[in-house]
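J.: The listed protein sequences derive, respectively, from chains L and C. For the first sequence, the working numbering begins at 5 and goes up steadily by one. For the second sequence, the working numbering begins at 3 and goes up steadily by one. The C-beta atom is built at its ideal place from N, Cα and C for all residues, glycine as well. Remember, predicted model here, so these are calculated numbers, not experimental data.
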Amino acid sequence: KAGVTQTPRYLIKTRGQQVTLSCSPISGHRSVSWYQQTPGQGLQFLFEYFSETQRNKGNFPGRFSGRQFSNSRSEMNVSTLELGDSALYLCASSLTAKNEKLFFGSGTQLSVL
Amino acid sequence: SQQGEEDPQALSIQEGENATMNCSYKTSINNLQWYRQNSGRGLVHLILIRSNEREKHSGRLRVTLDTSKKSSSLLITASRAADTASYFCATGITGANSKLTFGKGITLSVRP
Numbered sequence: 005k006a007g008v009t010q011t012p013r014y015l016i017k018t019r020g021q022q023v024t025l026s027c028s029p030i031s032g033h034r035s036v037s038w039y040q041q042t043p044g045q046g047l048q049f050l051f052e053y054f055s056e057t058q059r060n061k062g063n064f065p066g067r068f069s070g071r072q073f074s075n076s077r078s079e080m081n082v083s084t085l086e087l088g089d090s091a092l093y094l095c096a097s098s099l100t101a102k103n104e105k106l107f108f109g110s111g112t113q114l115s116v117l
Numbered sequence: 003s004q005q006g007e008e009d010p011q012a013l014s015i016q017e018g019e020n021a022t023m024n025c026s027y028k029t030s031i032n033n034l035q036w037y038r039q040n041s042g043r044g045l046v047h048l049i050l051i052r053s054n055e056r057e058k059h060s061g062r063l064r065v066t067l068d069t070s071k072k073s074s075s076l077l078i079t080a081s082r083a084a085d086t087a088s089y090f091c092a093t094g095i096t097g098a099n100s101k102l103t104f105g106k107g108i109t110l111s112v113r114p
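See the structure below:
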């Protein structure tokens, strides 16, 4: 079974631009979660989707948004990028909505200049 | 916050020694999970222990959970250089508002 696939692996953007990150979960997994990882803050929860519905949202500004498609693939979007948005963005999928065992992708490393 | 806090922040041991990592949290949980992350990569699930369990084993891993003290420990026995990584505890709430909250991690270095 293929693992969680995140694209692109690396991104360089400038302040004010927007970015879209993609995540393909493991086949059969209906839950997708997104996390932002920085050296100072660790892993911060962004949002979770299950069967195309956002179930939970972390404490991030409205510039951060996401969605999930009928095939469980998910995208997250960050608009009006700020320097502080530079981070490793991790996507994780799980079979159920219980968050009992997450399978992570390798992440997208976003650098905002 | 229910966020777990790991202790110590960094640990350096010799190959063959045991590594013990601790995690404390503040609010009631349904489960506690441990994950490993190799540099710049995604996290890998290691083990899950439920709130009604006290101890669990998986290969060289042993995890304990003390809900009265709101703490957990992860023991890696007979460590190997390949165990060098960051280790995270994550506290889980199930149900309608299910959520998994990660600590900031422990950096483990195993010297050959």
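What are the residues in the region 76-108 of chain L lying within 8 Å of chain C by C-beta distance?
T.: Within the region 76-108 of chain L, the residues whose Cβ lies closer than 8 Å to some Cβ of chain C are 92, 94, 96, 101, 102, 103, 104, 105, 106, 107 and 108, listed in chain order.
J.: Identify the continuous beta strand (DSSP E) that holds residue 47(L) and give its terminal residues.
T.: Where residue 47(L) is concerned, the enclosing beta strand (DSSP E) stretches over 46-54.
J.: Which residues of chain L have a Cβ atom closer than 9 Å to the Cβ of residue 79(C), listed in chain order?
T.: Correct list: empty, because the minimum Cβ distance to chain L is about 23 Å.
J.: Once DSSP output is grouped into helix, strand and coil, what is the label at residue 92(L)?
T.: Three-state result, residue 92(L): strand.
J.: Kindly list, in the order they appear in chain L, the residues whose Cβ is closer than 9 Å to that of residue 96(C).
T.: Those within 9 Å of residue 96(C) in chain L are 101, 102, 103 and 104.
J.: Does DSSP put residue 83(C) in a helix, in a strand, or in coil?
T.: Residue 83(C) falls in the helix class under three-state DSSP.
J.: Let me make sure I understand the geometry here. Which of 57(L), 84(L), 96(L) and 114(L) has the alpha-carbon closest to that of residue 67(L)?
T.: It is 84(L) whose Cα lies nearest to the Cα of residue 67(L).
J.: Reducing DSSP to helix, strand and coil, say where residue 117(L) ends up.
T.: Coil at residue 117(L), not helix or strand.
J.: Rounded C-beta distance between residue 109(C) and residue 16(C)? I'm assuming under 8 Å.
T.: Wrong, their Cβ atoms sit about 16 Å apart, outside the cutoff.
J.: Got a sec, what are the start and stop residues for the beta strand (DSSP E) residue 64(L) sits in?
T.: No beta strand (DSSP E) holds residue 64(L); DSSP gives it neither H nor E.
J.: Beta strand (DSSP E) containing residue 34(C): first to last residue?
T.: Unbroken beta strand (DSSP E) run through residue 34(C): 33-39.
J.: In chain C, which residues lie less than 8 Å from residue 111(L) when you measure between Cβ atoms?
T.: Under the 8 Å cutoff, chain C gives 42, 43 and 44.
J.: Do residue 77(C) and residue 51(C) have their CB atoms nearer than 9 Å?
T.: Contact: no.
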